[in-house]
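Position one of the sequence shown corresponds to residue 0 (numbering that gives the first Met the number 0), numbered consecutively onward.
Glycine included, C-beta positions come from ideal geometry on N, C-alpha and C.
Notes for the one structure printed next.
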Amino acid sequence: MKSSMIRRTPPVAALVLAALLAACGTTEDTIPPALPPFAALIDADGDGEVSAAEWEAYGDSVFARLDTDGSGVIDTVEMDAGFAAFDLNGDGVLRAEEVDASVLDANGDGRITSAEWLGVRAVSALDEDATATLSRDELRRRRTANFNSLDQDRNGRASSIELAASPLGFTLLRF
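See below:
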């Protein structure tokens, strides 16, 4: 009698566990995707989402790295020298995950090399007021528009699900 109970227990336990998991809604379909690698750099609190505040803080830090003279604007010389501020993984090329700068991709290979990153072209692509410089506000407006396109439910946070579903993909700055 004892041996037959022992043999039945594992299948019963497995069924009970499966029922509990199903009741909790734990399936492969409900597990959110991981944040894209570059988004994880911005997710300062590590909660798996990028908040509007984290997005702005990271963008402001990039602006500060580019504005080397502290003038509050980025000129073409600073933009040329600032290629590394966007090259998040340090591989010497900008990929769409780092900066969507396809307008600067002269050879169309999907990567922006430092040779293609001519400050004049980079500045002019973002320069709203035609001053040949980029102000903090010009970049902030561009970043905010980009964040808003990712934050589909308008809750001020871009979740990994929203980032994964974005037809344009994740990028901090879109030229």
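By the DSSP assignment, the beta strand (DSSP E) with residue i in it spans what residues?
i: I73; result: V72 to D74
i: S158; result: R156 to S158
i: S50; result: E48 to S50
Could you check how far apart the C-beta atoms of residue i and residue j are, in whole angstroms? I think they sit under 8 Å.
i: Y57; j: I73; result: About 16 Å separates the two Cβ atoms, so there is no contact after all.
i: D150; j: R156; result: 7 Å
i: F62; j: R135; result: 6 Å
Buried or exposed for residue i, please, with buried defined as at least 16 other CB atoms from any protein chain shown within 10 angstroms of its CB.
i: V49; result: buried
i: T8; result: Residue confidence for T8 is low, a pLDDT of 44 falling below 50, so the modelled location carries little weight and cannot support an answer.
i: V158; result: Rather than Val, the amino acid found at residue 158 in this sequence is Ser. The residue is buried, with at least 16 neighbouring Cβ atoms inside 10 Å.
i: A38; result: buried
i: V76; result: exposed
i: E53; result: buried
Could you tell me whether the Cβ atoms of residue i and residue j are closer together than 8 Å?
i: T84; j: R64; result: Rather than Thr, the amino acid found at residue 84 in this sequence is Ala. Contact flag set, yes.
i: T112; j: V92; result: yes
i: D104; j: E115; result: yes
Tell me, which residues are paired with residue i by DSSP?
i: T132; result: D74
i: L93; result: I111
Please list the terminal residues of the continuous alpha helix (DSSP H) segment that includes residue i.
i: I41; result: P36 to I41
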